[in-house]
Amino acid sequence: MLNPGSGLPRGGVDVAVIGAGAAGIAAARRLAVANVSFVVLEARSRLGGRAWTASHDGFPLDLGCGWLHSADQNPWARIAKSAGFTIDRTPAPWTRDDGDLSFAEGEEEDFDTAAERFYARVAEAEKRGLDVAAAEFLEPNGRWNALLNAISTYANGAELDVVSVIDSARYEDTGVNWRVVEGFGAAIAAHGANLPVVLDCTVTRIDHTGKSIRIESSRGDVNARVVILTVPTTLVASEAIRFAPALPDKVEAAIGLPLGLADKVVLALDTPETVQAETRLFGRTDRVGIGAYHLRPFGRPLIEGFFGGRLARELEQEGEGALPAFAIDELAAQLGNDLRARLKPLAATAWSRDPLAGGSYSHALPGKAGAREVLAGPVDGRLFFAGEATSASSFSTAHGAYETGVRAAEEAIAAVARRPIRTG
């Protein structure tokens, strides 16, 4: 039972889930069908975490995760469809020939060949156990090194010089990518409906010294038999959430798994019929600090821009308006200066400045490929960890978060069964 004043349970619970993003919601859904009591504590005023669908000009815009990666195996595809959401199976623009919008004749095939060779070298390095920066496996003075590095800023949120080659090679992808027409973030939030979630509840300390665990929050204390922590690595690394006793191994692992940065801008497009729908465009192909653009997603009169790594951080530091201005400059340079008057900024993100995120999704630093396993490991059979950063092969994705949430819930249910004395 919840306390009407604070929204917190009056007595103790079997399980406290911290964070109501994709992992926390997945964990809570699994707990809901088990014979355990639980509560979800969420610092934001909404569900979803880094999954967030906003509405602008009547369009649902995914300002966090937007693609169902490995969609043929992604549990969110089934969940969203079952909940009445529409799954769009149009192939992702990066999987199709872009009509030479970004490349001169013959260049795209040359780039594809260079990319295949680079990723083959990365895979071989992983087999050899070389936990160094992925940048070391770029071809010396290669024509396409800058574009490969730029693509890393979208995939990893960071340039290849700070990405572990082993961790990068462990990512598994079926190559099937779909979207949710009404918004991926909306589908994830909908899956959290009717769960015992306390919003605007910032957890600051987890005291696991006693028989029951005390969770200290901005709304008061909660006692639980076990805890599932699903927050971004930035909050663990900075010790925004403190543990008593301290957990230095977890903090060190989180430091080795920083959140890269991938920001978005959405522009409304006047006279959209002049731009081919569902097309990809790179701002340039000869430098790292560029945007990648999805022209008219779902056939809508919109352009989505993607910016990652150091460029995204620099644009955030320049302040509001810098990201849309950069995007419009690049698009005008590629598609003609008259396009400027036909573009209107609708939304832009700044995930590194979000105090509850501090970035977009995790990547392992060189030499830290083992950090995910350390972060995922339980503590004392009572503290369990989930979230995309704890996934061995689906990190940086909402389905990786989901799978780890279910795994942590299973661990928590088993732990509760082993501990017959209830808290309260």
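Residue numbers for the sequence shown, in this note's numbering: 5 to 428. No residue lacks a Cβ here, since even glycine has one placed at the ideal position from N, Cα and C. Keep in mind it's a predicted model, so treat the numbers as computed, not measured.
Distance, residue j Cα to residue i Cα
i    : j    : result
C205 : A47  : 4 Å
G224 : V235 : 19 Å
S156 : F42  : 39 Å
S221 : E111 : 55 Å
I294 : L239 : 29 Å
S86  : P79  : 11 Å
N149 : A380 : 33 Å
G374 : V255 : 14 Å
I27  : G52  : The residue you asked about is not Ile; residue 27 is Ala in the sequence shown. If I take the Cα positions, the gap works out to 9 Å.
T94  : G309 : 18 Å
G371 : I307 : 38 Å
V40  : V21  : 12 Å
T496 : A250 : Here the chain has residues from 5 to 428 only, and residue 496 is not among them.
A228 : G409 : 18 Å
V202 : L12  : 7 Å
E113 : R100 : 12 Å
A194 : R300 : 26 Å
S172 : R132 : 14 Å
L315 : Q338 : 19 Å
W98  : Q321 : 29 Å
T427 : V17  : In this prediction, T427 has a pLDDT of 39, which is less than 50 and means its spatial position is unreliable; what the coordinates show is noted afterwards. Those two C-alpha atoms are separated by around 7 Å.
A1   : L343 : Because the chain is modelled from 5 through 428, residue 1 falls outside the range shown and cannot be assessed.
I425 : Y175 : Reliability fails at I425, whose pLDDT of 47 lies under 50, so the model's placement of it is uncertain and no value is given.
F302 : D358 : 28 Å
E109 : V279 : 20 Å
E120 : A81  : 29 Å
A457 : E143 : Residue 457 is absent from the structure shown; the chain starts at 5 and stops at 428.
I137 : R317 : Before going on, a small fix: residue 137 reads as Ala here, not Ile. Answer to the nearest angstrom: the Cα atoms are 21 Å apart.
A421 : E407 : 22 Å
E324 : G15  : 45 Å
F107 : S49  : 44 Å
Nonlocal neighbours in the same chain, by C-beta distance under 7 Å from residue i, ignoring five residues either side
i    : result
A419 : V230, G385, R386
R183 : G70, W71, L72, D92
P305 : A272, L273, P276
V180 : S74, A75, D76
G146 : A118
P382 : F388, E415
P64  : T57, E186, G187, A190
C-beta contact flag for residue i and residue j at 8 Å
i    : j    : result
A162 : G313 : yes
L265 : G340 : no
S1   : A393 : The requested residue 1 is not part of the displayed model; the chain covers only 5 to 428.
A55  : G196 : no
A258 : D211 : no
A139 : D165 : yes
V378 : D253 : yes
R376 : A345 : no
A354 : D267 : yes
T237 : L261 : yes
L360 : V226 : no
A38  : I417 : yes
H60  : V270 : yes
V207 : I217 : no
A405 : G391 : yes
V19  : T90  : no
Same chain only: Cβ atoms within 8 Å of residue i, ignoring 5 sequence neighbours per side
i    : result
F141 : F122, R125, V126, A129, V169
T297 : Reading off the sequence shown, one finds Tyr at residue 297, where the question assumed Thr. Excluding residues within five positions, the ones whose Cβ falls inside 8 Å are R284, L285, F286, G287, I307, E308, G309, F310, A331, E334, L335.
L319 : D267, F311, A326, L327, F330
D177 : H73, S74
6 Å CB neighbourhood of residue i in its chain, flanking five on each side removed
i    : result
G88  : none
A96  : N181
A154 : V292, I294
L233 : I22, F389
D66  : T57, G187, F188, G189
G68  : R54, A55, W56, G189
L151 : T289
D1   : The shown model of the chain, from 5 to 428, leaves out residue 1, and the question about it has no answer.
T209 : Note that residue 209 corresponds to Arg in the displayed sequence, not to Thr. Closer than 6 Å at the Cβ level, and outside the excluded window around R209, lie E220, R246.
I83  : H195
CB contact check: residue i to chain C, cutoff 8 Å
i    : result
E322 : Absence of chain C from the displayed structure is noted, only one protein chain being present.
Taking contact to mean 3 or more Cβ pairs, one atom from each stretch, closer than 8 Å, check whether the region 32-39 and the region 401-419 are in contact.
yes
Count Cβ pairs between the region 319-332 and the region 342-352 that sit closer than 8 Å; are there 3 or more?
yes
Could I get the ranges of all uninterrupted beta strand (DSSP E) runs contained in the region 181-206, with 3 residues as the minimum, in chain order?
181-184
Is it a yes or a no for the region 397-412 touching the region 239-255, going by three-plus beta-carbon pairs under 8 Å?
no
Please give the ranges of any beta strand (DSSP E) in the region 135-172, keeping only runs that are unbroken, at least 3 residues long and fully inside the region.
none
Just list the alpha helix (DSSP H) runs in the region 320-390, keeping only unbroken ones of 4 residues or longer that don't cross its boundaries, in chain order.
326-339, 375-380
As an exercise, report each continuous beta strand (DSSP E) stretch of at least 3 residues that is fully enclosed by the region 76-110, in chain order.
none
List, from N- to C-terminal side, the beta strand (DSSP E) runs of 3 residues or more that fit wholly inside the region 204-268.
207-211, 217-221, 224-233, 246-248
Runs of alpha helix (DSSP H) lying entirely within the region 5-49, each at least 4 residues, in chain order:
26-36
Kindly provide the ranges of any beta strand (DSSP E) runs that are 3 or more residues long and lie completely inside the region 277-327, ordered along the chain.
283-286, 296-299, 306-312
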